[in-house]
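Chemist: Residue numbering for the sequence shown follows this note's numbering, starting at 23 and increasing by one per position.
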Amino acid sequence: MFAPRVSGAVLSAGWTLREVGTPTAAIASTETDTPRLLIVDLETTSLNIQELLSDLPPTDKPSVLAFGPHVHHERLEAAREAGCNMVVSRGRFSSDLPSLLSEILTPPS
Numbered sequence: 023m024f025a026p027r028v029s030g031a032v033l034s035a036g037w038t039l040r041e042v043g044t045p046t047a048a049i050a051s052t053e054t055d056t057p058r059l060l061i062v063d064l065e066t067t068s069l070n071i072q073e074l075l076s077d078l079p080p081t082d083k084p085s086v087l088a089f090g091p092h093v094h095h096e097r098l099e100a101a102r103e104a105g106c107n108m109v110v111s112r113g114r115f116s117s118d119l120p121s122l123l124s125e126i127l128t129p130p131s
């Protein structure tokens, strides 16, 4: 549902996108590439956000933008506590994606 929207926003911002379907594939992608950002759907089956973040490489760690339904307070809070750089509701992710990408991918001056 979000894939075309995410792809369009990422490509129009001048970035490339690699979509992976599992937490294991996300970790594997950090071993073959150096992603700047991981976008995590908190409704992903078998996702343990704490484990995912702790399995990221200690150097060149990508930023992590997590999103999920606003009614899943525990998942959103768990993502914040795990250390995600940005955690937003699914609605905000959908409506503000270009500005969220700009905010999280623009290095501080």
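In this text, a Cβ means the ideal position worked out from N, Cα and C, and glycines have one as well.
My assumption, with CB atoms under 8 Å, is that P79 sits in contact with L60. Please give the rounded CB distance.
Modeler: Wrong, their Cβ atoms sit about 12 Å apart, outside the cutoff.
Chemist: Going by beta carbon distance, what residues of the same chain come within less than 7 Å of G105, once the five residues before and after it are set aside?
Modeler: Once the five neighbours on either side are set aside, the close Cβ partners of G105 are L75.
Chemist: Should A48 be labelled buried (16 or more other beta-carbon atoms within 10 Å of its own) or exposed?
Modeler: Classification of A48: buried, given that the 10 Å Cβ count is 16 or more.
Chemist: In the DSSP output, what is S111 paired with across the bridge?
Modeler: Paired residues: G90.
Chemist: Using three-state DSSP, classify S85 as helix, strand or coil.
Modeler: The answer is strand: DSSP assigns S85 an E or B state.
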